Amino acid sequence: MELTLKKQIFGYTSVFLLLVTCMSIGLLYYNDRALIQDREKISIQAPDSDKLRGFYYPGTIDAGILLLEGFGADQFMMKGIAYEFHKLGFHVLSFDYSGHGLSSGSIGFDNAQTDKLALQVLEVRTRFMTISGLVGSQILILGHSLGSRVAIQSTLLDNDVAGLILLGTQINLDTNTQSEFFTGVRDADLDWVKSLNGTNPATDILLISGAWDDILTPNAAQILYEKLGGDSAPYNRDIMIFNHMLHNYEVYSPRAITYALNWASDKLGLGFGGISASTMVFRKILWTIGIPSMFLALILFNSFLKIKQETDDRLEKTEKGIIISNPKKFLWGKLLYWLLSLPICVLVAGILAMIPIGVPVFNLIYVGFIAGYGIFMLLLYQFRKKKLIPGVEGPFSIKNESKITIQNFLLCVGITIAVGILVTLFARSGIFGLFPLNVRIIWLVLYGLVTIPAYYIGQIEQDWISDLKSDRTQIISSFHSFIGYIPFFLMAILYLVLGSLSGLTGAIHGLIIIALVTLVGNSLRYLTKSFLLISVAQSFLLYYLVLPQTALFAFF
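Counting in my numbering, the sequence shown runs from 16 upward without gaps.
Here is the structure:
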């Protein structure tokens, strides 16, 4: 009776949380209805022949703002800022650089040498003036991170703008080993950076950064401010450092956006007083409610399914080829084999990196470590007769482990698509990168295919663990999952030790995505036990979520 009551509680609560998730998404899009209705798609041929894609939001006043995203981001992540300016009547234009978001092309590994992107900004700004009817002196440029860097460089080439609003500007005149490592460039050595002074660029500039920003530290922001002339410059040079603000979240900060809105109003003489980014606050509240609700709904749904499986007398018991006779030896063996699989991990990543199209380099860690480990374990199980897997007994047969039926197929496809739709809707609301229908589809297929063995083996092993008659089954299951994702935990720990808050935040984002994929896999295992279908669903869901989070690089 107690299990039945728990099952009911978990089931009803998961449904309630799913409704909360859907309600949050509904309110987000109801709030954005004016922005969505007014939006116009634009396509611009860049000087280097790449096709740049963006959105134009017509305004009602003689003022405009051009939004430039950060490195590896996309224009949807600037949606909150776009809404706040559009609400005031601004004409707003956002777009993706080459190798980013919806746009085609790629960037080079010298990504801090942003000449190509600066020329793209000039091309887009010209189109912005044409479709909006504005002149340069009525248009501001707002950039974040790499976008701020590109904004300054483009203005050095053509300063016909009303001013620059720069969030977390990726120009480091201070010593910053982390930044120089990722960009491969020492900013102080670049000619265009050397040329910066009180009159160059010849326009007003607002620098905004966070006290916890480790890409442009507060000290580096002050050095850049002084380089730009500081208080003695004939143009306005303003700087604002906000406490408790991370580099990654500057585009979501109501404080930073409010300050930018009021500065923009003053510079353009619009006369708006006491502007507040109230809608951004509302947007963050809905994200804070909706996204955890989605995760909790999945967690409780899994608990419901687990109890249902334990209490359903009619449940079919499948015959296992292997049983885990010694969980401790099995887990230690898995850990050892993870280390031994590193050469295959490197080989997989290296082969994929050689494909002559724009490569999502920062996603190679997922396909390298996860797929490489999975391929290694699959090979070991194929040679089971040589006693290569410690702590298990019985023959391993792939053919006996998977049940594929129409019902199971529809369940796997339906649940995966449902989760994908929820995440996509959150992404389009401005919190996350959106998967673009361009060359990344090729990477989705390639990465997904080579990762299937990893999730296939993982699902089978989790099924064996679920049959253990032990009160520590849940702990064993959790440790098993942890072993499969060790590189990502180690990366987070490394960033923590190095004191890199932006790196740590990115690593945590990756772990959250992995957690979501794992939860979906667990649900499908309880419902279908079709391990092949589940592994396909998990593999493609993983890359659907991570591929938008990096730029495409050109190796050739």
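No residue lacks a Cβ here, since even glycine has one placed at the ideal position from N, Cα and C. Bear in mind the structure is a predicted one, so any value in this text is a computation, not a measurement.
By a C-beta neighbour count over all protein chains shown, 10 Å radius and 16 as the cutoff for buried, is LEU560 buried or exposed? buried
Of the residues SER163, THR232, SER152, the one placed nearest THR218, counting alpha carbons only: SER152
Does the beta-carbon of VAL460 have 16 or more other beta-carbons within 10 angstroms, so that it is buried, or is it exposed? exposed
Coarse secondary structure for LEU485, derived from DSSP in three states: Rather than Leu, the amino acid found at residue 485 in this sequence is Ser. Three-state DSSP puts SER485 in coil, outside helix and strand.
CB of HIS159 within 8 Å of CB of LEU182, strictly: yes
I'd like to know if ASP253 contacts chain D, where contact means its C-beta is closer than 8 Å to some C-beta of that chain. The displayed structure is made up of one protein chain only, and chain D is not part of it.
Nearest-angstrom Cα distance between GLN553 and THR533? 8 Å
Comparing alpha-carbon positions, which option in ILE498, GLY473, GLY244, PHE316 lies nearest LEU393? GLY473
Could you check if ILE456 is buried or exposed, using at least 16 other CB atoms within 10 Å of its CB as the buried criterion? exposed
Taking 8 Å as the cut-off, decide whether the C-beta atoms of GLN26 and PHE319 are in contact. Checking the sequence shown, residue 26 turns out to be Gly, not Gln. It is a contact, given that the beta carbons lie within the stated cut-off.
In this structure, does DSSP put ASP328 in helix, strand or coil? Caution is warranted here: a pLDDT of 45 is assigned to ASP328, below 50, making its placement in the model unreliable, and the coordinate value is therefore given only provisionally. ASP328 falls in the coil class under three-state DSSP.
For the alpha helix (DSSP H) that contains ILE528, what are its first and last residues? 516-542
Identity of the residue in THR129, TYR250, MET260, LEU18 nearest ARG201 by Cα: THR129
At what residues does the beta strand (DSSP E) containing TYR72 begin and finish? 66-72
Check this for me: beta carbons of GLY69 and SER109, under 8 Å apart or not? yes
Could you pull out every unbroken alpha helix (DSSP H) segment of at least 4 residues lying fully inside the stretch 101-179, listed in chain order? 130-147, 161-172
DSSP three-state label for GLU265, please. helix
Assigned exposure category for HIS259 - 16 Cβ within 10 Å defines buried: exposed
Taking a contact to mean a Cβ-Cβ separation below 8 Å, would you say VAL382 touches VAL266 in this structure? no
What's the gap between the Cα of ALA364 and the Cα of GLY373? 14 Å
Do the stretch 96-108 and the stretch 163-174 meet, that is, are 3 or more Cβ pairs less than 8 Å apart? no
Work out the CA separation of ALA166 and ASP63 for me, nearest whole Å. 18 Å
With distances taken from CA atoms, which of ILE390, ASN46, LEU440 is nearest TYR462? ILE390
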